[in-house]
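Below: the structure, in structure tokens.
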Amino acid sequence: DSGVTQTPKHLITATGQRVTLRCSPRSGDLSVYWYQQSLDQGLQFLIQYYNGEERAKGNILERFSAQQFPDLHSELNLSSLELGDSALYFCASSPYRGMNTEAFFGQGTRLTVV
Amino acid sequence: AQSVTQPDIHITVSEGASLELRCNYSYGATPYLFWYVQSPGQGLQLLLKYFSGDTLVQGIKGFEAEFKRSQSSFNLRKPSVHWSDAAEYFCAVGVYNTDKLIFGTGTRLQVFP
Numbered sequence: 039d040s041g042v043t044q045t046p047k048h049l050i051t052a053t054g055q056r057v058t059l060r061c062s063p064r065s066g067d068l069s070v071y072w073y074q075q076s077l078d079q080g081l082q083f084l085i086q087y088y089n090g091e092e093r094a095k096g097n098i099l100e101r102f103s104a105q106q107f108p109d110l111h112s113e114l115n116l117s118s119l120e121l122g123d124s125a126l127y128f129c130a131s132s133p134y135r136g137m138n139t140e141a142f143f144g145q146g147t148r149l150t151v152v
Numbered sequence: 149a150q151s152v153t154q155p156d157i158h159i160t161v162s163e164g165a166s167l168e169l170r171c172n173y174s175y176g177a178t179p180y181l182f183w184y185v186q187s188p189g190q191g192l193q194l195l196l197k198y199f200s201g202d203t204l205v206q207g208i209k210g211f212e213a214e215f216k217r218s219q220s221s222f223n224l225r226k227p228s229v230h231w232s233d234a235a236e237y238f239c240a241v242g243v244y245n246t247d248k249l250i251f252g253t254g255t256r257l258q259v260f261p
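Protein chains in written order, with the numbering used here: chain A, 39 to 152; chain L, 149 to 261.
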């Protein structure tokens, strides 16, 4: 158990809908990262927050947004969903600003868009 | 641009056999290097990491990796594979002075009894 909690574990929704994925980082970790894992794209970095502020952006679509709350949990919002958004979404946390030291991953949320 | 290449998409070995998973990186300076493992239905778990110093790094579960600057490689090895090692393995490079961690496409390991 990495100490990072993601909910829900599975989500099935229709195209055009909006969903929210939730991540609770390890106790004391200030950085939260979101990754998307799909068969054709592999692991893609989406976005990072550090202590409530957006710190880095990767290949995140405009239809996607995220935030980190004062209690350090984070939410990833996906809207106007398309079939191609079906993927495993991982949250990771780190005690540091960067994950290039060590990061701890949650078990992921599997999103299926039908 | 930085990149990580794992040339083997899928590897099959017999239990008890030795294992080597290949990883090559492209980066202008000495990178931070990592190997992560993802078991079915699980998140990624860090196996080992290299930042500097001894180029042979020991990790958890009996894994080790060797950093070879001349070959831009960071191959993962295990002398004797166990059935529980069946998983997907990701090599990653951390870019110094940034927050970026770039993953390879992964190698799926299958272990036969």
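Every residue, glycine too, gets a C-beta built ideally from N, C-alpha and C.
Problem - Inter-residue CB distance, histidine 241 of chain L and tyrosine 175 of chain L (contact presumed, cutoff 8 Å) - result: In the sequence on display, residue 241 of chain L carries valine and not histidine. Your pair valine 241 of chain L and tyrosine 175 of chain L checks out as a contact, with CB atoms roughly 6 Å apart and the cut at 8 Å.
task: Note down, in chain order, each residue of its chain lying with its Cβ closer than 8 Å to the Cβ of lysine 248 of chain L, except the 5 sequence neighbours on either side.
output: If we look at lysine 248 of chain L and ignore the five residues flanking it on each side, its Cβ neighbours are Gln150, Gly242.
Item checked: Interface partners of glycine 146 of chain A on chain L, CB under 7 Å -> Gly191, listed in chain order.
Any C-beta of chain L under 8 Å from that of serine 117 of chain A = Not one chain L Cβ lies under 8 Å of serine 117 of chain A.
Next item on the list: Using beta-carbon positions only, say whether glutamine 86 of chain A and serine 69 of chain A come within less than 8 Å of one another.
Entry: The criterion of a C-beta distance shorter than 8 Å is satisfied by glutamine 86 of chain A and serine 69 of chain A.
If you compare alpha carbons, which of L/Arg217, L/Arg225, L/Phe199 is closest to leucine 181 of chain L? For leucine 181 of chain L, the closest of L/Arg217, L/Arg225, L/Phe199 by C-alpha to C-alpha distance is L/Phe199.
Measuring only the C-alpha atoms, how far is glycine 252 of chain L from tyrosine 73 of chain A?
Each residue's Cα considered, the two are about 13 Å apart.
Item to complete: Would you kindly work out how many angstroms separate the C-alpha atoms of aspartate 202 of chain L and glycine 144 of chain A, rounded to a whole number?
Response: Computed Cα separation, rounded: 30 Å.
Tyrosine 88 of chain A beta carbon less than 8 Å from that of alanine 130 of chain A
No, these two residues do not count as a Cβ contact at 8 Å.
Is the CB-CB distance between cysteine 171 of chain L and phenylalanine 211 of chain L below 8 Å?
No, Cβ-Cβ distance for cysteine 171 of chain L and phenylalanine 211 of chain L is not below 8 Å.
Can you tell me whether phenylalanine 142 of chain A sits near the ligand GTP, meaning its C-beta is under 7 Å from at least one heavy atom of the ligand? This structure does not include the ligand GTP; it has no bound ligands of any sort.
| For the stretch 43-59 of chain A against the stretch 88-99 of chain A, are there 3 or more C-beta pairs whose distance is under 8 Å? | Short answer: they don't touch.
| message | Output needed for isoleucine 98 of chain A: all residues of its chain with C-beta closer than 6 Å, excluding positions within five of it in sequence on either side, in chain order. | response | For isoleucine 98 of chain A, the CB contacts under 6 Å within the same chain, skipping 5 residues up- and downstream, are Leu84, Ile85 in chain order.
In chain L, which residues lie with their C-beta within 8 Å of the C-beta of alanine 141 of chain A? Result: Leu194, Leu249.
Neighbour list for glycine 90 of chain A in chain L, Cβ cutoff strictly below 8 Å: Listed along chain L is no residue with a C-beta nearer than 8 Å to that of glycine 90 of chain A; the closest approach is about 15 Å.
Taking the straight line between their C-alpha atoms, what separation do you get for glycine 254 of chain L and glycine 54 of chain A?
Going by the C-alpha atoms only, they are around 31 Å apart.
Self-check item: Same chain, Cβ closer than 6 Å to glutamate 168 of chain L, five either side skipped, listed in chain order
Solution: Excluding its 5 nearest sequence neighbours in each direction, glutamate 168 of chain L has C-beta neighbours in its own chain below 6 Å: Asn223, Arg225, listed in chain order.
Q | Span separating the alpha-carbon of glutamine 106 of chain A from that of serine 232 of chain L | A | For glutamine 106 of chain A and serine 232 of chain L, the gap between their C-alpha atoms comes out near 36 Å.
Using a Cβ-Cβ cutoff of less than 7 Å, which residues in the same chain neighbour serine 228 of chain L once the five nearest sequence positions on both sides are dropped? By the criterion of a C-beta distance shorter than 7 Å, serine 228 of chain L is surrounded in its chain by Gly164, Ser166, once the five residues flanking it on both sides are discounted.
Practice prompt. Assign isoleucine 250 of chain L to buried or exposed, taking buried as 16 or more other Cβ atoms, counted over all protein chains shown, within 10 Å of its Cβ.
Written response: Counting C-beta atoms within 10 angstroms of its own C-beta, isoleucine 250 of chain L has 16 or more neighbours from the protein chains shown and is therefore classed as buried.
Original post:
Leaving out the 5 sequence neighbours to the left and right, which residues in its chain are closer than 7 Å to glutamine 193 of chain L when beta-carbon positions are compared?
Top reply: Correct list, in chain order: Tyr184, Val185.
message = Between the alpha carbons of glycine 153 of chain L and phenylalanine 260 of chain L, how many angstroms are there, rounded?
response = In the sequence as displayed, the identity of residue 153 of chain L is threonine instead of glycine. Computed Cα separation, rounded: 26 Å.
| request: Using three-state DSSP, classify tyrosine 208 of chain L as helix, strand or coil. | output: Per the sequence shown, residue 208 of chain L should be read as isoleucine rather than tyrosine. Helix at isoleucine 208 of chain L.
message: On the DSSP bridge list, what partners appear for leucine 59 of chain A?
response: Answer is A/Leu114.
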